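FYI, the numbering for the sequence shown is 1 to 279, going by my numbering.
Glycine residues also receive a C-beta, built at the ideal position from the N, C-alpha and C atoms.
Here the structure is a predicted model, which is why all the values come from computation and not from measurement.
So the structure is just underneath, and the comments pick up after that.
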Amino acid sequence: MNAKSTCLLAGLLLGGLVALAQKPAPVGLQLYSFRTQFANDVPGTMAKIKEMGFREAEIAGTYGLSLPDFRKLLDQNGIKAISTGASYEDLDNNVPKIVAEAKALGAKYVVCTWIPHAGDAFTIYDADRAIDVFNTAGKLLAENGLTFCYHNHGYEFQTYKDGTFFDYLAENLDPKSVNFEMDVFWVKAPGYDPVALLQKYHKRFLLMHLKDRKPGTPDSNNGHSDVESNVTLGQGDVGIAAIMKQAKKSGVKHFFIEDESSRSMEQMLPSLTFLSSLK
């Protein structure tokens with residue numbers, strides 16, 4: 001390829017990315033994806049997120065800003081906080097704090113991503129304790145106009161009786177006040193099928209993290225995996241296209257790309273391009 005052709009190809013590619021960025025993204029962004037960039041430049045990173053076309057976000061901390069200042073930055077960039085994280089400890093001991101933070105950000109959903117447990121083994125004691133904490137906190141959050149979701153992290157798919165601890169959690173968490181955010185990576189990691197899980201628990205997954213996994217990555221059911229195994233959506237073995245087809249049928253209301261790798265900024269636009277190509 002000669003220099004003229006190379007420049008023309010580069011120009012077409014750049015033009016395509018700019019055109020893509022000018023359209024609203026088909027999904028939201030879990031802001032943790034750009035935690036490294038936020039640590040260095042909060043306003044600049046938020047501006048880049050806007051340029052990529054994102055209009056919805058899941059919040060994971062405010063990177064040194066006060067809640068009002070972070071909300072102002074979101075508003076200035078036309079980004080709506082759909083959901084925000086809450087610690088297990090605050091759900092157990094300080095629900096009013098969670099309510100105040102969610103309302104300050106304008107978020108409707110509150111998400112917990114981790115149930116404390118010793119080592120890699122998840123036990124019936126851990127599950128029962130979480131059921132008590134989540135049902136109680138979820139009811140209080142619902143009374144304040146907020147919807148609580150638990151985000152799976154892999155260890156819930158350890159075997160329990162004839163199924164898994166996830167089955168046990170789903171059976172015992174009150175759907176009026178506790179539902180789920182599916183992290184598709186952390187369903188695939190322990191060897192389960194996100195599509196089958198969506199079909200089995202229809203209408204229980206209200207939120208979803210979209211994350212793909214490098215083929216050949218070893219399975220894991222302890223909630224730990226190499227973040228560098230996160231690849232551009234559509235290039236991994238999670239089955240994003242089939243998941244997207246089923247997710248809307250199963251009642252998922254909001255989707256967030258979460259890319260934990262060091263390449264998250266470079267992989268984000270190709271991931272959006274892939275999602276936009278799906279029928």
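Nearest to tyrosine 168 by alpha-carbon distance, out of Ile131, His202, Ser250 and Lys203, is Ile131. In this chain, the alpha helix (DSSP H) harbouring glycine 138 covers 124-143. For the pair isoleucine 243 and proline 190, the CB atoms are not nearer than the 9 angstroms cut-off.
Exposed is the label assigned to histidine 224, since fewer than 16 other Cβ atoms lie within 10 Å of its Cβ.
Scanning the region 178-215 for uninterrupted beta strand (DSSP E) segments of 3 residues or longer gives 178-183 and 205-210, listed from N- to C-terminal end. A Cβ-Cβ distance of about 6 angstroms is found for the pair phenylalanine 122 and phenylalanine 165, placing them in contact under the 8 angstroms criterion. Segment contact: the region 177-187 against the region 143-151, three or more CB-CB distances shorter than 8 angstroms; contact assigned.
Taking one beta carbon from each stretch, the region 56-74 and the region 92-99 have fewer than 3 pairs nearer than 8 angstroms; the two do not touch.
Inter-residue distance for aspartate 212 and asparagine 230 is about 6 angstroms (C-alpha atoms, whole angstroms). The Cβ atoms of glycine 154 and asparagine 77 lie no closer than 9 angstroms to each other. In the three-state DSSP reduction, tyrosine 155 falls in the helix class (H, G or I). As far as DSSP is concerned, isoleucine 240 takes part in no beta bridge. If you check the CB distance, alanine 241 and arginine 204 do not come in under 9 angstroms.
In the DSSP annotation of this structure, the continuous segment of the beta strand (DSSP E) that includes isoleucine 82 starts and ends at 80-85.
With fewer than 16 other Cβ atoms from the protein chains shown falling within 10 Å of its own Cβ, asparagine 40 counts as exposed. If you look at phenylalanine 256, you'll find it in the beta strand (DSSP E) that goes 254-257. In this structure tyrosine 125 is not in contact with leucine 207, their Cβ atoms being roughly 27 angstroms apart against a cut-off of 8 angstroms. Taking C-beta atoms as the reference points, leucine 141 and leucine 105 fail to come closer than 9 angstroms. DSSP lists no beta-bridge partner residue for phenylalanine 165.
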